[in-house]
Amino acid sequence: MSTRTLFLHLPKESPMTKLHPSLKLITLIIINLIAWIMEAPVPLLILVSSIILCFKIAMIPVRRIMRFFRFILLIVQAVLISYLLGSKIPGESVYITFPWGTYISETTLLYAFTMILRFLAMLFASTLLLATMTERDIVYGLIYLHLPYSLSFVVSLAFKTMGVFIDDFIKVRDAMTLRGVSFDKGSLLERAKNYASLGVPLAVLSIRRMIESSYVVAMRGLTLGGRRTYFHEYKFKIYDLLLLVFLGVLLAITLLLKWTGPLSFPGWPLRR
Amino acid sequence: MEYGQFFIVGLVIQAVLLCVIVLLHSAMRKDHPYRGFMKVLIGILLLSLFWLLISFIWQLKEGWISLLALPFLCSVVTEAPKKRVTPMHLVITGITAGVCAVLALFAIIFIPIPGLPAASGFWIPAGFYFVFTLWFGVWGALGGHIATWLGMSYFAGFTLHVWADGAVGDFIAPMVCLLLFKKLFRADPELKTRKDWVAWIISVPIASLTCGLWVHTVNLLFGVITWPFWWVGVVTYFLGDSAAVFIVGTPLLKTLSKYAKTAPVYVKGILT
């Protein structure tokens, strides 16, 4: 048996299915923060490796990371271009000096590598968590974090509207095709104009859905405040608390080590 | 100029300007037409002082330029709602988010920018959420914020960088346009007169520029780009975003504003 999450079917034996939904959101935020605070390459490499190991523990195929391969390549490209062509980070050896004044030293390469690791850590962590979450987890996670119910209602409605809007788009496009509009033929400008002409009926449909949904919401007595009950209930278990404490301690240690120096970039302060 | 000197000079200039504008604001009578605008200026200077401090901490000399981004939001806080905020407003946000999230996915898939992750050469949802913000106030902008977060995160992971960069930027941009269009110019979304057209043509590029400044300063803070590429990013963002809003948004405004105004979901002010 498996559970359908946002990206895949996750085996029910996976430990991630047992985690409290709000803890999954907290883990996502904390790991992103930790990755952002760290600036040293070796700890970041350890963090990335640990996250990949967590994929194995959670029984998520590591090849799931490959869906982001194109994005990973783009990030690596963007960071490298930016730092190699546009930075002046001094080091012991300058390899290339450009006519516009920037240069590449060994510190430049190390810093670019560190930034890439930071992004990989954030990306892999969010993939790990999102691969184990359902839409219900996101909504109930927000509720159990004691955020306003309005926020979870809006997120839930957004997810539902996405599917409905895709259906509307297909219907409107097919209706226009039946009336002789071609979305595949013609110059780029003609095709762009044809696609842009879809905007007006889609906007009208969206406004109508807003009106209908607001009537439905009013008829069901939805209010912004007040006590609510929920169909699903989640209880905090001992392993949830242990994980929460572990993440809190990890974040505190990261902040301390960044402030005292070990997690700062080894090339700072800049050698002139 | 040494960094410390820059900080002190910036601090003194902004403190003096703040005192002058606070005095002018208090001297104005309550129904003075520019009193609201003065509040915006006070917000600008308060947040620019805050941003100056942040950029001093991060040794980010260029960061103060992004002070244009956040302060316009101050006037949202100063606006007293004339009607109650109801669940209808949440429905507006949820449906806008769902619609624009799908458009964001289309834009990233069909019109990507080589070298820039989870970005698009023609950000179609901008046309929609700018227009929805003019029709539905802050609720449309919140929808755009959630939509960009969902759309970009599908490709780039639910990372802190994506939220701070694209999602917050796509809240700031339509809000700046709304405040300029409705508060400053007091223009009509139906674009009936020349003044309305001038307001639209001026508001959109300023909003896009503000968002570009924000997005690329966040990229700078996260280490994705370096300072020499900051200007490149801002200019390309400004041109691409403005083009998308003008091409997609203008027909929607001209054609559907009258219909939107008759809908019960139409929001006259910023919040209600």
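Protein sequence lines, in the order shown, are assigned to chains D and F.
Letter by letter, the first sequence follows residues 1 to 272 in my numbering.
Letter by letter, the second sequence follows residues 1 to 272 in my numbering.
Even glycine gets a Cβ: it sits at the ideal position worked out from N, Cα and C.
Note that this is a predicted model, so its numbers are computed, not measured.
Checklist entry - I think Ala-101 (chain F) touches Met-162 (chain D), with their Cβ atoms under 8 Å apart; what is that distance to the nearest whole Å? => result 5 Å
Checklist entry - Under a Cβ-count criterion, where at least 16 other Cβ atoms within 10 Å of its own Cβ denotes burial, should Ala-252 (chain D) be classed as buried or exposed? => result exposed
Checklist entry - On the three-state DSSP scale, how would you describe Leu-222 (chain D)? => result coil
Checklist entry - What first and last residue would you give for the beta strand (DSSP E) that runs through Ser-197 (chain D)? => result Premise fails: Ser-197 (chain D) is in no beta strand (DSSP E) and is neither H nor E.
Item to check | Ser-105 (chain D) - DSSP class collapsed to helix/strand/coil | outcome: strand
Next on the checklist: Judging by CA-CA distance, which residue of F:Val-232, F:Tyr-129, F:Val-245 and F:Gly-223 is the nearest neighbour of Glu-39 (chain D)?
Outcome noted: F:Gly-223
Checklist entry - In chain F, which residues lie less than 8 Å from Phe-165 (chain D) when you measure between Cβ atoms? => result Gly-98, Val-99 and Val-102
Checklist entry - So, do the stretch 74-89 of chain D and the stretch 102-116 of chain D have three or more beta carbon pairs nearer to each other than 8 Å? => result yes
Next on the checklist: For Thr-236 (chain F) and Cys-211 (chain F), I'd like the C-alpha separation in whole angstroms.
Outcome noted: 12 Å
Checklist entry - Residues of chain D with a CB under 7 Å from the CB of Leu-90 (chain F): which are they? => result Ser-150, Phe-153 and Val-154
Checklist entry - Going straight from the alpha carbon of Phe-238 (chain F) to that of Ser-156 (chain D), what length do you get? => result 32 Å
Checklist entry - Does the beta carbon of His-25 (chain F) sit closer than 9 Å to a beta carbon anywhere in chain D? => result no
Item to check | Straight-line Cα distance separating Gly-101 (chain D) from Trp-139 (chain F) | outcome: 47 Å
Checklist entry - What are the boundary residues of the alpha helix (DSSP H) that includes Val-359 (chain F)? => result Nothing can be reported for residue 359 (chain F): it is not among the residues displayed for chain F, which extend from 1 to 272.
Item to check | Between the CA atoms of Pro-262 (chain D) and Leu-80 (chain D) - distance to the nearest angstrom | outcome: 25 Å
Checklist entry - Around the C-beta of Cys-177 (chain F), are 16 or more other C-beta atoms found within 10 angstroms, so that it is buried, or is it exposed? => result buried
Next on the checklist: What does the alpha-carbon distance come out to for the pair Leu-23 (chain D) and Ile-247 (chain F)?
Outcome noted: 43 Å
Next on the checklist: Would Glu-190 (chain F) and Lys-258 (chain F) qualify as a contact pair, given that the criterion is a beta-carbon distance under 9 Å?
Outcome noted: yes
Checklist entry - In three-state DSSP terms, what is Val-224 (chain F)? => result coil
Checklist entry - By how many angstroms is the C-alpha of Ser-93 (chain D) removed from the C-alpha of Ile-172 (chain F)? => result 43 Å
Checklist entry - Does the stretch 87-97 of chain F come close enough to the stretch 186-206 of chain F that 3 or more CB-CB pairs lie under 8 Å? => result no
Checklist entry - For Leu-252 (chain F), which residues in chain D fall below 7 Å Cβ to Cβ? => result Gly-199, Val-200 and Ala-203
Checklist entry - Looking at the structure shown, is Pro-87 (chain F) part of a helix, part of a strand, or coil, going by DSSP? => result helix
Checklist entry - What separation, rounded to the nearest whole angstrom, lies between the Cα atoms of Ala-203 (chain D) and Asp-137 (chain D)? => result 30 Å
Checklist entry - Using the beta-carbon count (16 or more within 10 Å), is Val-131 (chain F) buried or exposed? => result buried
Checklist entry - Using the rule of at least 16 other Cβ atoms within 10 Å of the residue's Cβ for burial, across every protein chain shown, is Arg-209 (chain D) buried or exposed? => result buried
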